[in-house]
Amino acid sequence: MKEQSLPSDLNAEESVLGSLLIDPDAITKIENVIKPEDFYNEPMRFMYQACVNLRSRRETIGEITLTQELKRLGMLELSGGIAKLNVIISTCPTSLDIEEYAEIVRRLSVSRQMIQLGKNMQEVGFSADPDTNKSIDKISAMLLDWKKSVIINNDVVMPKDVASSLMDLMQKYSEPQHTISWGFRTLDTLTSGVYPELIIVGARPSTGKTQIMIDIAESLALSRKKVLFCSAEMSKEAILERKISRELRYGIRELRRDGIPDSLRDKMADVIGVASETSICYMTHGCSSGDIYSKVATLKETWGLDIVFVDYLQILRDCWQLGKENKASQVGRVSKTLKAIVNDFNIPVVCASQLNRDLERGSGEGRKPILADLRESGDIEQDADIVFLLWRDMNSLVEAERNVLQIKMAKNRQLGDSPVVKLVWSQNEHRYYDCYQED
Numbered sequence: 000m001k002e003q004s005l006p007s008d009l010n011a012e013e014s015v016l017g018s019l020l021i022d023p024d025a026i027t028k029i030e031n032v033i034k035p036e037d038f039y040n041e042p043m044r045f046m047y048q049a050c051v052n053l054r055s056r057r058e059t060i061g062e063i064t065l066t067q068e069l070k071r072l073g074m075l076e077l078s079g080g081i082a083k084l085n086v087i088i089s090t091c092p093t094s095l096d097i098e099e100y101a102e103i104v105r106r107l108s109v110s111r112q113m114i115q116l117g118k119n120m121q122e123v124g125f126s127a128d129p130d131t132n133k134s135i136d137k138i139s140a141m142l143l144d145w146k147k148s149v150i151i152n153n154d155v156v157m158p159k160d161v162a163s164s165l166m167d168l169m170q171k172y173s174e175p176q177h178t179i180s181w182g183f184r185t186l187d188t189l190t191s192g193v194y195p196e197l198i199i200v201g202a203r204p205s206t207g208k209t210q211i212m213i214d215i216a217e218s219l220a221l222s223r224k225k226v227l228f229c230s231a232e233m234s235k236e237a238i239l240e241r242k243i244s245r246e247l248r249y250g251i252r253e254l255r256r257d258g259i260p261d262s263l264r265d266k267m268a269d270v271i272g273v274a275s276e277t278s279i280c281y282m283t284h285g286c287s288s289g290d291i292y293s294k295v296a297t298l299k300e301t302w303g304l305d306i307v308f309v310d311y312l313q314i315l316r317d318c319w320q321l322g323k324e325n326k327a328s329q330v331g332r333v334s335k336t337l338k339a340i341v342n343d344f345n346i347p348v349v350c351a352s353q354l355n356r357d358l359e360r361g362s363g364e365g366r367k368p369i370l371a372d373l374r375e376s377g378d379i380e381q382d383a384d385i386v387f388l389l390w391r392d393m394n395s396l397v398e399a400e401r402n403v404l405q406i407k408m409a410k411n412r413q414l415g416d417s418p419v420v421k422l423v424w425s426q427n428e429h430r431y432y433d434c435y436q437e438d
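Numbering that gives the first Met the number 0 numbers the first residue of the sequence shown as 0 and each following residue consecutively.
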């Protein structure tokens, strides 16, 4: 069987270069559409790269300047020399259709990339990895990376697009329930619900950030929202142990010491039955931000995901793996991956983050946390749309006061900061409840 040649169109590629030599300003119409690597013909690729270089230096594209740039790059002869430039100019029908020429070049480039992507996926299949899920995730990641690389981002929103978006928002605001509820009245009042944003929950260890995220996730799942809970710290068994304690209203210490009492056996059976029908799934075992992105992509397409919880940022695998990057750079990269989940899939990401130790020692003792207390805070603070800071008064002699979780919305890109709200911890029921709001 004769092997098919790769899709390409030399006439379209030459017409793009000819149009630029006729009308140098026409590059503004196509510079965000095609890249040098989109050209299949090597001489055309060299010439377009030279045009891009001239454009970046704010120099005029013309026969003389293009010739000099090709000489500087050592590509003049490889491009066919001055004679080839003359031929391109003379055979170009018109520069008015440069956008159509560029679209042909881009479309065929995407087709070639699809073919290469298929070959790469074949290699994954031929490798016959014993872990089938790992192979599927690898292919999914390949597809997502390629899709992101070929999608054209148009940063300019024209007036008609603005009007259309405003109509969509008007329709959205007219719906009875257009946001996700936190499951806590005080938080809903504070934020008007959960929107597709990167939400950081900052606290020191043992403050309650994991439990409040579990409570919110469980509440959302019971309201039929589809939830992914990612824990880089806790095993599946540890998370489910908290779930048992929460649902049975029976302490973990008692569970471990005495087991489930006979009086709660029927209730435990109900918990198991409800768990099989609720829409929450878990991701554990030291996951990375890349793993989460890939899994979100799969679940969004196959299951329909509404929200993601991450516990917690600084111990995701790509934040502590040994490498050339320092910890702040690693945390910054992870923060941007989580932000990409929000932007690419239009779903909220609620992520816990550690606060600095200064809150626990020296002059920091008893001090309420501020944004700067976020560990490796630069990128986290910048990328986050909302930051909640959590603390409890553990120095109080009154147990009831130690059980009050104080929450300060220290940043909200849309709403600004806010008063402190409080939730009360019920030790017997192993969950938080609404308390009251502080002015």
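Every residue gets a Cβ at the ideal spot worked out from N, C-alpha and C, and that includes glycine. Computed from a prediction, not measured in an experiment: that's the story for all the values here.
Practice task
Count the other C-beta atoms from every protein chain shown that fall within 10 angstroms of the C-beta of residue 284, then say buried if there are 16 or more, exposed otherwise.
Solution key: Answer is exposed; the Cβ neighbour count stays below 16.
Practice task
Please determine, among 398, 351, 344, 407, the residue with the shortest C-alpha to C-alpha distance to residue 367.
Solution key: With distances taken between Cα atoms, residue 367 lies closest to 407.
Practice task
Report yes if the C-beta distance between residue 338 and residue 143 is below 8 Å; otherwise report no.
Solution key: Taking 8 Å as the Cβ cut-off, residue 338 and residue 143 do not qualify as a contacting pair.
Handout entry: Chain-order list of residues whose beta-carbon lies under 7 Å from that of residue 432 (same chain, five-residue window excluded)
Key = These residues qualify, in order along the chain: 422, 423, 425.
Exercise for the section: For residue 306, count neighbouring C-beta atoms within 10 Å of its own C-beta (all shown protein chains included) and say buried if the count is 16 or more, exposed if not. Expected result: Per the 10 Å Cβ criterion, buried.
Exercise for the section: For the beta strand (DSSP E) containing residue 207, list its first residue and its last residue. Expected result: Element bounds for residue 207: n/a, residue is neither H nor E.
Exercise for the section: With residue 280 as the anchor, note down where its alpha helix (DSSP H) starts and where it stops. Expected result: That residue, residue 280, is in no alpha helix (DSSP H); its beta strand (DSSP E) goes 279–282.
Exercise for the section: Tell me, please, whether the segment 281–295 touches the segment 174–194 by the rule of three or more beta-carbon pairs shorter than 8 Å. Expected result: Below 8 Å, too few C-beta pairs join the segment 281–295 and the segment 174–194 to call them touching: fewer than three.
Handout entry: Neighbourhood of residue 341 by C-beta distance below 8 Å, restricted to the same chain and skipping five residues each side
Key = Hits under 8 Å: 195, 196, 197, 347, 348, 384.
Handout entry: Among 434, 35, 20, 38, nearest to residue 65 - alpha-carbon criterion
Key = Nearest C-alpha to residue 65 among 434, 35, 20, 38: 20.
Exercise for the section: Just the C-alpha distance for residue 147 and residue 231, rounded to the nearest angstrom, thanks. Expected result: The straight-line gap from Cα to Cα measures roughly 26 Å.
Problem - residue 197 (DSSP reduced to helix, strand or coil) - result: Reduced to three states, the DSSP call for residue 197 is strand.
Exercise for the section: Compute the Euclidean distance between the alpha carbons of residue 29 and residue 97, then round it to the nearest angstrom. Expected result: Here the C-alpha atom of residue 29 lies approximately 8 Å from the C-alpha atom of residue 97.
Problem - Endpoints, the beta strand (DSSP E) within which residue 304 is located - result: That residue, residue 304, is in no beta strand (DSSP E); it is neither H nor E in DSSP.
Practice task
Could you tell me how far apart the beta carbons of residue 354 and residue 202 are, in whole angstroms, since I believe they sit closer than 8 Å?
Solution key: With a Cβ gap of about 6 Å, residue 354 and residue 202 count as contacting.
Exercise for the section: Just the C-alpha distance for residue 255 and residue 190, rounded to the nearest angstrom, thanks. Expected result: For residue 255 and residue 190, the distance between alpha carbons rounds to 38 Å.
Exercise for the section: Hey, could you find the ends of the alpha helix (DSSP H) residue 385 is sitting in? Expected result: It is not in any alpha helix (DSSP H) - residue 385 instead sits in the beta strand (DSSP E) that spans 385–390.
Problem - Exposure of residue 133, with buried meaning 16 or more beta-carbon neighbours within 10 Å - result: Under a 10 Å Cβ-count criterion, residue 133 is classified as exposed, with fewer than 16 other Cβ atoms of the shown protein chains found around its own Cβ.
Practice task
Report yes if the C-beta distance between residue 298 and residue 219 is below 8 Å; otherwise report no.
Solution key: Cβ atoms of residue 298 and residue 219: not closer than 8 Å.
Practice task
Check whether the Cβ atoms of residue 441 and residue 389 lie closer than 8 Å to each other.
Solution key: Summary: the structure shown does not reach residue 441, with the chain confined to residues 0 through 438, and so no result is reported for it.
Exercise for the section: Would you mind stating whether residue 138 and residue 161 have Cβ atoms separated by less than 8 Å? Expected result: Not in contact: residue 138 and residue 161 (Cβ atoms no closer than 8 Å).
Exercise for the section: Could you give the DSSP three-state label for residue 413: helix, strand or coil? Expected result: DSSP places residue 413 outside both helix and strand once states are collapsed to three, so it counts as coil.
Practice task
Indicate whether residue 351 and residue 311 have their beta-carbon atoms separated by less than 8 Å.
Solution key: Remark: C-beta atoms of residue 351 and residue 311 approach each other more closely than 8 Å.
Handout entry: Three-way DSSP call (helix, strand, coil) for residue 183 in this model
Key = Judged by DSSP in its simplified three-state form, residue 183 adopts coil rather than helix or strand.
Handout entry: Local Cβ density within 10 Å of residue 371, reported as buried at 16 or more and exposed below that
Key = It is exposed - the Cβ of residue 371 has fewer than 16 other Cβ atoms within 10 Å.
Exercise for the section: Go ahead and label residue 399 buried or exposed: buried means 16 or more other beta carbons lie within 10 angstroms of its beta carbon, across all protein chains shown. Expected result: Counting Cβ neighbours within 10 Å, residue 399 comes out exposed, since fewer than 16 surround it.
Handout entry: Nearest to residue 217 (by Cα), restricted to the options 274, 258, 248
Key = Comparing Cα-Cα distances from residue 217 to each of 274, 258, 248, the minimum goes to 274.
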